[in-house]
Amino acid sequence: MISRIMTATPPSLEMGDVNTRSNGTLSVPVHEPHLEQVVSLTGAPIAASLLAYLLPSHHPMQFPKLPAKAVYLHLKNPTKRNALSIEILEDLRTQLLSHLTSRATGRLLTLPAFKPSILSELEAASRHAESAPGGPSKHGWLVDAAEWKHQRDGLPNVIVLRSSGPVFSSGHDLKQLASLSDVQVKRTFALCAEVMSLIRHSPAPVVCPIQGLATAAGLQLALSTDYPIALSTTKFQLPGAGIGLPCTSPATAVSRRLPPGQAYRLLLSAEAVAADDMRGAVDVVPTPDHAESTDTAAAALEGRVADVVERLAGSAGQPTALGKWAYWTQLGIRGDGAGEGGADGYEEAASWAGGVMALHARSADAEEGIAAFTQKRKPVWRT
Numbered sequence: 176m177i178s179r180i181m182t183a184t185p186p187s188l189e190m191g192d193v194n195t196r197s198n199g200t201l202s203v204p205v206h207e208p209h210l211e212q213v214v215s216l217t218g219a220p221i222a223a224s225l226l227a228y229l230l231p232s233h234h235p236m237q238f239p240k241l242p243a244k245a246v247y248l249h250l251k252n253p254t255k256r257n258a259l260s261i262e263i264l265e266d267l268r269t270q271l272l273s274h275l276t277s278r279a280t281g282r283l284l285t286l287p288a289f290k291p292s293i294l295s296e297l298e299a300a301s302r303h304a305e306s307a308p309g310g311p312s313k314h315g316w317l318v319d320a321a322e323w324k325h326q327r328d329g330l331p332n333v334i335v336l337r338s339s340g341p342v343f344s345s346g347h348d349l350k351q352l353a354s355l356s357d358v359q360v361k362r363t364f365a366l367c368a369e370v371m372s373l374i375r376h377s378p379a380p381v382v383c384p385i386q387g388l389a390t391a392a393g394l395q396l397a398l399s400t401d402y403p404i405a406l407s408t409t410k411f412q413l414p415g416a417g418i419g420l421p422c423t424s425p426a427t428a429v430s431r432r433l434p435p436g437q438a439y440r441l442l443l444s445a446e447a448v449a450a451d452d453m454r455g456a457v458d459v460v461p462t463p464d465h466a467e468s469t470d471t472a473a474a475a476l477e478g479r480v481a482d483v484v485e486r487l488a489g490s491a492g493q494p495t496a497l498g499k500w501a502y503w504t505q506l507g508i509r510g511d512g513a514g515e516g517g518a519d520g521y522e523e524a525a526s527w528a529g530g531v532m533a534l535h536a537r538s539a540d541a542e543e544g545i546a547a548f549t550q551k552r553k554p555v556w557r558t
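Counted the way the working numbering counts, the sequence shown spans residues 176 to 558.
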């Protein structure tokens with residue numbers, strides 16, 4: 176039996192170096208001599224992840240082995256509750272650029288702006304690929320299977336953002352911020368915005384297991400990913416209003432995942448809420464019964480993470496990327512409210528998205544997927 180998984184009183188504030196208490200997620204450390212028991216109880220992959228939660232912070236992060244076409248994005252600051260200092264943000268940026276830069280051409284491959292007008296450029300790139308295969312095209316890699324394979328050879332189909340310790344991320348390092356010049360403070364927040372943008376525009380979806388409290392910019396980081404996953408009891412918080420620094424930047428991610436009223440209450444109240452209250456924004460894993468005295472909570476989270484990562488890693492990369500771009504683009508299509516009944520933008524969005532579907536339908540992966548479906552076999556994806 177490993178050490179107890181405890182549930183403690185929720186913290187009142189978690190930003191950088193503000194006084195903190197454990198949020199209760201796997202807070203009691205495992206003793207190393209018990210490693211053999213952990214492996215026998217859970218199996219090696221989950222045992223490795225349990226150690227990431229439970230071992231003292233001086234141990235290196237140990238996570239389950241990922242399937243092919245999946246890579247880790249490491250948030251490595253456990254001794255400071257994974258605070259987002261300048262150095263940590265720069266490290267995240269460097270890792271992301273490595274996962275998003277073509278090894279063949281050195282080109283940064285990110286999704287285009289989430290603007291409906293880009294569709295015409297993608298359609299032109301598709302026509303160009305059909306008439307001149309392999310020729311240069313700004314967006315050819317998003318619509319042509321051969322160009323995708325050339326440009327993205329060796330790059331992942333899914334990225335998994337992880338940290339270790341009882342806190343996923345406590346947000347910005349407030350002690351560091353207090354010591355910086357105005358120029359450096361602006362640079363810190365600009366760097367943070369760049370990291371979030373790289374995640375949002377990554378053609379490979381980013382999965383984020385949230386093993387503990389996510390607060391302020393840490394919550395922004397988690398909700399900027401494509402697939403945040405957490406146990407139902409995991410705490411989330413926008414605590415800045417409590418110290419006179421409202422979390423206006425983190426609220427940009429939260430307000431795009433939660434209803435506006437709920438997101439605003441988080442910003443205004445600075446209160447912590449459980450993942451169970453954020454269903455829809457987060458893939459919530461039920462906390463098993465009797466989890467306070469067994470390793471079943473961590474095992475449940477890891478099992479769900481493994482399922483999601485394996486499914487995404489085995490998906491066709493190009494349609495997934497184009498689908499991500501199309502989803503966030505159509506979400507921004509809003510009507511002007513004029514006319515009978517009021518226009519909410521639905522008709523415009525549906526019409527526009529139909530054009531994306533037509534583009535999808537011409538892809539090599541769509542042809543293979545339809546053929547595999549009709550022939551009752553597994554598809555062999557082209558990208």
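Each residue gets a CB set at the ideal place from its N, CA and C atoms; glycine is no exception.
Query                                                                                                : Result
Secondary structure of T390, DSSP reduced to three states                                            : strand
DSSP-derived helix/strand/coil call for P253                                                         : helix
Start-to-end residues for the beta strand (DSSP E) that takes in S344                                : V342 to S344
P384, DSSP secondary structure in three states                                                       : strand
Distance, K255 Cα to E296 Cα                                                                         : 45 Å
Where S357 falls, given that 16 or more other Cβ within 10 Å makes a residue buried                  : The sequence shown places Asp at residue 357, rather than the Ser named in the question. That one is exposed.
Bridge-paired residues (DSSP) for Q412                                                               : T390 and A447
H347 (DSSP reduced to helix, strand or coil)                                                         : strand
Uninterrupted beta strand (DSSP E) stretches inside the segment 433-506 (no shorter than 3 residues) : 447-449 and 458-460
Sequence-distant residues of its chain with Cβ nearer than 7 Å to L286 (five each side left out)     : H376, P378, A496, K499 and W500
For I404, the residue or residues it bridges with in DSSP                                            : P384 and D458
Whole-angstrom distance between S338 and L272, CA atom to CA atom                                    : 19 Å
C-alpha gap between S451 and R432, whole angstroms                                                   : Residue identity check: residue 451 is Asp in the sequence provided, not Ser. Their backbone Cα atoms lie some 14 Å apart in a straight line.
Given P242 as reference, the closest of K553, V531 and D482 once Cα atoms are compared               : D482
For G510 and L406, the rounded distance between their alpha carbons                                  : 37 Å
Stretch pair the segment 310-322 + the segment 350-367: three plus CB contacts closer than 8 Å       : no
Contact between the segment 482-494 and the segment 275-285 (3+ Cβ pairs under 8 Å)                  : no
L264 versus K551 - alpha carbon distance                                                             : 46 Å
Contact set for A475: own chain, Cβ-Cβ below 6 Å, skip 5 residues either direction                   : V460 and P463
The alpha helix (DSSP H) enclosing A362, as first and last residue numbers                           : Here residue 362 turns out to be Arg, not Ala, going by the sequence shown. Looking at the DSSP string, the run of the alpha helix (DSSP H) that includes R362 is D357 to R375.
Residue burial classification, G387 (beta-carbon count within 10 angstroms, cutoff 16)               : buried
Same chain, Cβ closer than 6 Å to E523, five either side skipped, listed in chain order              : I508
Identified DSSP bridge partners for Y247                                                             : V335
Cβ pair L250, L352 closer than 8 Å                                                                   : no
Those residues which DSSP pairs with L259 across a bridge                                            : H347
D319 beta carbon less than 8 Å from that of A304                                                     : yes
Assigned secondary structure, T558 (DSSP; H/G/I helix, E/B strand, else coil)                        : coil
Within 8 Å, strictly: CB atoms of T409 and I385                                                      : yes
Opposing strand residues paired with L283 [DSSP bridges]                                             : T276
Rounded Cβ spacing between L441 and L413 (contact assumed at less than 8 Å)                          : 5 Å
Where the alpha helix (DSSP H) through L534 begins and ends                                          : Y521 to A536
Selected residue, minimal CA-CA separation from D458, among H347, W503 and T400                      : T400
Min CB distance P380 to chain D below 8 Å                                                            : As a matter of chain content, chain D is missing from the structure shown, which is built from one protein chain.
Residue from A288, P239 and S277 whose Cα sits closest to the Cα of Q505                             : A288
Three-state class that DSSP yields for I508 in the structure shown                                   : coil
Backbone CA spacing between P425 and A547 [nearest angstrom]                                         : 43 Å
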